[in-house]
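Let me begin by presenting the structure, written as structure tokens, before commenting on it.
2 protein chains.
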Amino acid sequence: MGETAGFTIKQAAEQTALSEDTIRYYEKIGLLPEADRKMNRHRIYHGEDLRVMKMITCLKKTGMSLDEMKPFLGLTNDSDLTAYPDLQQKLLQHKENIQQQIDSLQMIIDVIDTKLTSGRMPDQCELAEPTKKMPRAQLI
Amino acid sequence: MGETAGFTIKQAAEQTALSEDTIRYYEKIGLLPEADRKMNRHRIYHGEDLRVMKMITCLKKTGMSLDEMKPFLGLTNDSDLTAYPDLQQKLLQHKENIQQQIDSLQMIIDVIDTKLTSGRMPDQCELAEPTKKMPRAQLI
DNA sequence: TGTTGACTTGAAGTCGACTCCAAGTTGTAT
DNA sequence: ATACAACTTGGAGTCGACTTCAAGTCAACA
Chain U
1 MGETAGFTIK QAAEQTALSE DTIRYYEKIG LLPEADRKMN RHRIYHGEDL RVMKMITCLK
61 KTGMSLDEMK PFLGLTNDSD LTAYPDLQQK LLQHKENIQQ QIDSLQMIID VIDTKLTSGR
121 MPDQCELAEP TKKMPRAQLI
Chain Z
1 MGETAGFTIK QAAEQTALSE DTIRYYEKIG LLPEADRKMN RHRIYHGEDL RVMKMITCLK
61 KTGMSLDEMK PFLGLTNDSD LTAYPDLQQK LLQHKENIQQ QIDSLQMIID VIDTKLTSGR
121 MPDQCELAEP TKKMPRAQLI
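These protein sequence lines are chains U and Z, in that order.
The first sequence: position 117 = 117 (the UniProt record's numbering), numbered continuously.
The second sequence: position 27 = 27 (the UniProt record's numbering), numbered continuously.
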């Protein structure tokens, strides 16, 4: 039972900013592979597992959905994306979605500013419906 | 039964870009007042009702939650906000939330760009967790 | 021996904002 | 008479990403 044997789910949770429940949930929905078990059926995690979890944590912060991030989880942090043109394309697309989101939010700011300064709220509020799934994040 | 008698829920839905179900739902949760009824118990709407619904449609597009928009629904489109300092303050706060959202999304763009151009995904992905409720909208 | 404490499981509950459904009523057209 | 459309109601279902719960297992410690 030395320190080299791996990490408990609690330790994994601490290191990855996920909760234990969330880790089990990710395993259940197939985002994480089935974890190795100790003799007592407790899950045990190794460095590679933590790397994937940290990648999830990071991609989640970029507003990517759990489904969308599945293809990326095989990559190491500094693996060369140009070797995977499809992933590169997906990431570029994700970036463009976010850029569109920024543009749209800027339009909203303009509408609000118009109301705040000129007192006028446009009759036809020329903004589109919110899309079903857009990233949400916040400054640290 | 002339054209001056008001609007059916279907007509209201058409004019406000809400669905009939949504209008009934808004009434149920108290976002809209209880509608007048015709003799046959059908809801009937007047100009003022449509104005409120359009205001909802507009505020929704700015990412405001149904709860948050309740205080604003008494205002006409061009009523002077400076007469209502609390509402002005709320709207300013809403705007600042959106601005923070933009800043945060810009950070995400930067992280993704770093990966796309230098191939490096930061170990510590220095972005905060998504907040529970942030606006989502899209360009028209 | 008994009681923690860490872990296990499957299932149910949460959030907001709808959306859909089935059954019923009313008014009009054929 | 009868079909049909438009509306009514209460209630259930949906979405994603968890969170919470109850009940069980297992090893270590007093």
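Each residue gets a CB set at the ideal place from its N, CA and C atoms; glycine is no exception.
Would you be able to state if there are at least three C-beta pairs under 8 Å between the region 28-39 of chain Z and the region 74-88 of chain U?
Taking 8 Å as the limit for Cβ pairs, the verdict is that the region 28-39 of chain Z does not touch the region 74-88 of chain U.
Where THR8/Z and HIS46/Z are concerned, what is the direct C-alpha to C-alpha distance, given to the nearest angstrom?
Your numbering for residue 8/Z matches position 8 in the second sequence. Your numbering for residue 46/Z matches position 46 in the second sequence. Each residue's alpha carbon lies about 9 Å from the other.
Thinking just about the alpha-carbon of each residue, which of LYS10/U, LYS28/U, ASP113/U and GLN101/U is nearest to the one in GLU20/U?
By 1-based counting over the first sequence, the position of residue 20/U is 20. With distances taken between Cα atoms, GLU20/U lies closest to LYS10/U.
Can you grab the Cα-Cα spacing for the pair GLY74/U / LYS54/U, in whole Å?
By one-based count along the first sequence, residue 74/U stands at place 74. By one-based count along the first sequence, residue 54/U stands at place 54. One C-alpha to the other measures close to 12 Å.
Ignore the nearest five residues each way along the sequence and tell me which others in PRO71/U's own chain have a CB closer than 8 Å to its CB.
Start at 1 with the first residue of the first sequence, and residue 71/U comes out as number 71. The residues are ASP86, LEU87 and LYS90.
Under 9 Å between the Cβ atoms of ASN77/U and MET121/Z?
Translated into the one-based positions of the first sequence, residue 77/U becomes position 77. Translated into the one-based positions of the second sequence, residue 121/Z becomes position 121. For ASN77/U and MET121/Z, yes; Cβs fall inside 9 Å.
Excluding five sequence neighbours on each side, which residues of the same chain lie with their C-beta closer than 6 Å to the C-beta of ALA17/U?
Position 17 of the first sequence holds residue 17/U. If you ignore the 5 residues before and after ALA17/U, its C-beta comes within less than 6 Å of the C-beta of THR57, all in its own chain and listed in chain order.
Need the endpoints of the alpha helix (DSSP H) that THR117/U sits in, please.
The count along the first sequence starts at 1 and reaches residue 117/U at position 117. From DSSP, the alpha helix (DSSP H) with THR117/U extends over 85-118.
Any idea which residues DSSP pairs TYR45/Z with across the strands?
Translated into the one-based positions of the second sequence, residue 45/Z becomes position 45. Note: TYR45/Z sits in a beta bridge opposite PHE7/Z.
Measure the CB-CB distance between THR62/U and ILE108/Z and report whether it falls below 9 Å.
The residue given as residue 62/U occupies position 62 in the first sequence. The residue given as residue 108/Z occupies position 108 in the second sequence. Yes, these two residues count as a Cβ contact at 9 Å.
Hey, ASP110/Z and GLY119/U: beta-carbon distance below 9 Å or not?
For this step, residue 110/Z is matched to residue 110 along the second sequence. For this step, residue 119/U is matched to residue 119 along the first sequence. Going by C-beta atoms, ASP110/Z is not nearer than 9 Å to GLY119/U.
Would you kindly work out how many angstroms separate the C-alpha atoms of LEU105/U and ASP113/U, rounded to a whole number?
Sequence index remark: in the first sequence, residue 105/U carries index 105 (1-based). Sequence index remark: in the first sequence, residue 113/U carries index 113 (1-based). Looking at the two C-alpha atoms, the distance is approximately 12 Å.
Between LEU31/Z and LEU59/Z, how many whole angstroms is the CB-CB distance? I'm expecting something under 8 Å.
By one-based count along the second sequence, residue 31/Z stands at place 31. By one-based count along the second sequence, residue 59/Z stands at place 59. That pair is no contact at about 11 Å.
Which of the three DSSP states is assigned to ASP36/U in this structure?
Within the first sequence, the letter at position 36 stands for residue 36/U. Annotated three-state conformation of ASP36/U is strand, per DSSP.
Is the beta carbon of ILE23/U closer than 9 Å to that of ALA5/U?
Walking along the first sequence from the start, residue 5/U turns up at place 5. Walking along the first sequence from the start, residue 23/U turns up at place 23. No, these two residues do not count as a Cβ contact at 9 Å.
Alpha carbon to alpha carbon, how far is LEU50/U from ASP49/Z? Give it in angstroms, no decimals.
Numbered from its first residue, the second sequence carries residue 49/Z at position 49. Numbered from its first residue, the first sequence carries residue 50/U at position 50. Each residue's Cα considered, the two are about 55 Å apart.
What is the residue span of the alpha helix (DSSP H) that MET121/U lies within?
Position 121 of the first sequence, counting from 1, holds the residue named residue 121/U. Segment: none, MET121/U is in no alpha helix (DSSP H) and carries neither H nor E.
At least one CB of chain U closer than 9 Å to the CB of HIS94/Z: is that the case?
Residue mapping note: residue 94/Z aligns to position 94 of the second sequence, counting from 1. Taking Cβ atoms only, chain U reaches closer than 9 Å to HIS94/Z, which makes this a yes.
Would HIS42/U be called buried (16 or more neighbouring beta carbons within 10 Å of its own) or exposed?
Within the first sequence, residue 42/U is the residue found at index 42, counting from 1. With fewer than 16 other Cβ atoms within 10 Å, it is exposed.
Taking 6 Å as the limit between beta carbons, can you name the residues of its chain near GLN15/U, skipping five residues before and five after?
Locating residue 15/U in the first sequence gives position 15, counting from the first residue. Closer than 6 Å at Cβ, skipping near neighbours: LEU50.
Using the Cα positions of GLN93/Z and MET69/Z, report the straight-line distance between them to the nearest angstrom.
Here residue 93/Z is taken as the residue at index 93 of the second sequence, counted from 1. Here residue 69/Z is taken as the residue at index 69 of the second sequence, counted from 1. Looking at the two C-alpha atoms, the distance is approximately 13 Å.
Determine the chain Z residues that contact GLN11/U at a beta-carbon separation under 9 Å, and present them in chain order.
As a working note, residue 11/U is residue 11 in the first sequence. Within chain Z, no residue comes near GLN11/U; the closest Cβ sits about 18 Å away, beyond 9 Å.
Which class does ASP21/Z belong to by DSSP, given the choice of helix, strand or coil?
Numbered from its first residue, the second sequence carries residue 21/Z at position 21. ASP21/Z: helix per DSSP, three-state reduction.
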